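Asks:
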Amino acid sequence: MSLSYNKLKNKIALVLNLTGGLENNGAFVTDVTNASRTMLMNIHNLNWSQEALDFFGFEQLNLPQIVSCSEIYGLLFDGSLKGVPIAGCLGDQQSALVGQQCFNVGDAKNTYGTGCFMLFNTGEKPVESKNGLLTTVAYKLGENLPACYVLEGSVAVAGSSINWLRNNLGLISDTRHLNELASKVKDTSGVYFVTAFSGLFAPYWRSDARGTICGITHFTKLEHICRATLEAVCYQSRAILEAMNNDSKTPLRTLKVDGGMSNSDLCMQIQADILGIEVDRPQMRETTALGAAIAAGFATGVWKSFDELSNINKDERTLFESKITKEKRQKMCQGWEQAVKRSFGWANPQTTVATHEKLQII
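The UniProt record's numbering numbers the first residue of the sequence shown as 1 and each following residue consecutively.
#1: Going by DSSP, name the residue or residues bridged to residue 108.
#2: Let me know the alpha helix (DSSP H) ranges lying completely inside the segment 312-353, each 4 residues or longer, listed in chain order.
#3: Which class does residue 269 belong to by DSSP, given the choice of helix, strand or coil?
#4: Taking C-beta to C-beta, are residue 224 and residue 173 nearer than 8 Å?
#5: My output table needs one value for residue 233: the three-state DSSP class, helix, strand or coil.
#6: What are the boundary residues of the beta strand (DSSP E) that includes residue 364?
#7: Hey, quick one: how far does the alpha helix (DSSP H) through residue 54 stretch, first residue to last?
#8: Taking Cβ positions only, does residue 232 come closer than 8 Å to chain C?
#9: According to DSSP, simplified to helix, strand and coil, what is residue 41?
#10: Whole angstroms are fine: how far does the CA of residue 329 sit from the CA of residue 377?
#11: Could you check what DSSP says for residue 247 in three-state terms: helix, strand or coil?
#12: Output yes or no for whether 8 Å exceeds the beta carbon distance between residue 27 and residue 19.
#13: Please list, in chain order, all residues of the same chain as residue 203 whose beta carbon is under 7 Å from its beta carbon, the five residues on each side excluded.
#14: What number of angstroms, rounded off, separates the C-alpha of residue 340 from the C-alpha of residue 22?
#15: Work out the CA separation of residue 324 and residue 187 for me, nearest whole Å.
#16: Could you pull the start and end residues of the alpha helix (DSSP H) that residue 180 belongs to?
#17: With a CB to CB cut of under 6 Å and the five nearest residues on each side skipped, what residues in its chain are close to residue 1?
#18: Taking the C-alpha atoms as reference points, what is the distance between residue 278 and residue 159?
#19: Could you work out which residue in 268, 117 and 149 is closest to residue 370 when comparing CA atoms only?
#20: Using the Cβ count rule (16 or more neighbours within 10 Å means buried), how would you classify residue 289?
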């Protein structure tokens with residue numbers, strides 16, 4: 001998805017102001033990962049696209065210089081840390097990819113936050129998706145090094161579905177409570193919760209989809225709904241991964257995970273069961289911050305090769321492996337796809353009910 005102008009402006013202003021601002025010849029730059037999300041950069045030559053600028057009427061826009069993710073952009077202009085180099089800059093998800101050390105073709109990570117973001121390394125050649133995924137820049141870790149690319153897929157609603165159960169329905173007190181309830185049942189008893197509150201993102205791309213709970217019976221309990229909430233994120237992640245495997249022709253064997261929802265052992269075990277592959281969770285899960293540190297470290301000589309990173313954040317990793325049969329997995333996923341189809345077509349003028357915001361206006 002594209003990066004909004006205000007967000008890009010804030011990112012540019014951060015480096016600019018730290019290095020002295022325009023009045024002191026600060027660094028007016030943005031890195032290739034952030035520039036690629038504006039839809040104004042040519043991801044092949046890593047320059048601003050004149051064709052795109054002309055099309056959108058931005059010919060006179062004063063755009064920053066596009067730089068790599070790992071070089072010294074300038075020095076801190078003032079304060080107690082004056083003179084410290086500003087040396088690493090990446091977009092959030094690309095930074096998490098670097099923090100997870102997904103440097104090889106076929107490596108992938110999934111960040112489970114409010115939404116969910118999976119990135120799959122395709123190497124130095126961008127792969128054009130035929131399955132509804134985004135092709136974007138992964139990183140460029142040096143002025144003279146080539147860029148690497150990823151396929152990306154996003155889940156619109158992940159952790160925010162837990163917030164919905166808590167804040168809107170008052171069914172749970174917090175995430176721990178949800179996990180306690182979900183762990184009391186061995187499965188959802190046929191319940192599927194399609195959390196399409198604002199439509200479905202990759203690979204479905206259905207803006208007309210809306211949240212749907214299917215398969216409820218007299219025997220359905222809150223525990224089943226809670227487990228179905230966790231499963232919803234995992235099913236959508238599976239759909240993205242299948243699209244990535246089809247585009248890349250390189251089936252993933254291990255998925256590296258981070259983000260708030262990855263703290264749940266139950267959720268990660270469900271993810272491994274639904275994917276049928278190993279799920280790898282580090283002990284230290286602030287991988288976005290780690291990725292920025294790695295980029296800065298390469299620029300300042302702390303590390304000189306990927307091999308030197310081999311021991312970073314490697315202790316006490318937790319590996320989750322599938323505990324269900326292939327037949328059960330297929331049956332579960334078939335049920336999910338049926339539920340997804342039931343979620344289509346609800347967002348239209350004839351059936352859409354006024355939202356809370358619309359009611360306030362009325």
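C-beta atoms are modelled at their ideal positions from N, C-alpha and C, and glycine is treated no differently.
Owing to the predicted nature of the structure, the values given are computational and were not obtained by experimental measurement.
Replies: Here's the rundown:
#1: 120
#2: 326-342
#3: helix
#4: no
#5: helix
#6: Lying before the first or after the last residue shown, residue 364 is absent from the chain, which here runs from 1 to 362.
#7: 50-56
#8: Given the protein chain composition of this structure (a single chain), no chain C is represented.
#9: strand
#10: Any property of residue 377 remains undetermined from this structure, which presents the chain solely from 1 to 362.
#11: helix
#12: yes
#13: 131, 132, 133, 153, 239, 240 and 243
#14: 51 Å
#15: 11 Å
#16: 175-182
#17: Confidence is the limiting factor: at residue 1 the pLDDT is only 46, short of 50, which leaves the residue's position unreliable and the question unanswerable from this model.
#18: 22 Å
#19: A query on residue 370 cannot be resolved here, the shown segment of the chain reaching from 1 to 362 and no further.
#20: exposed
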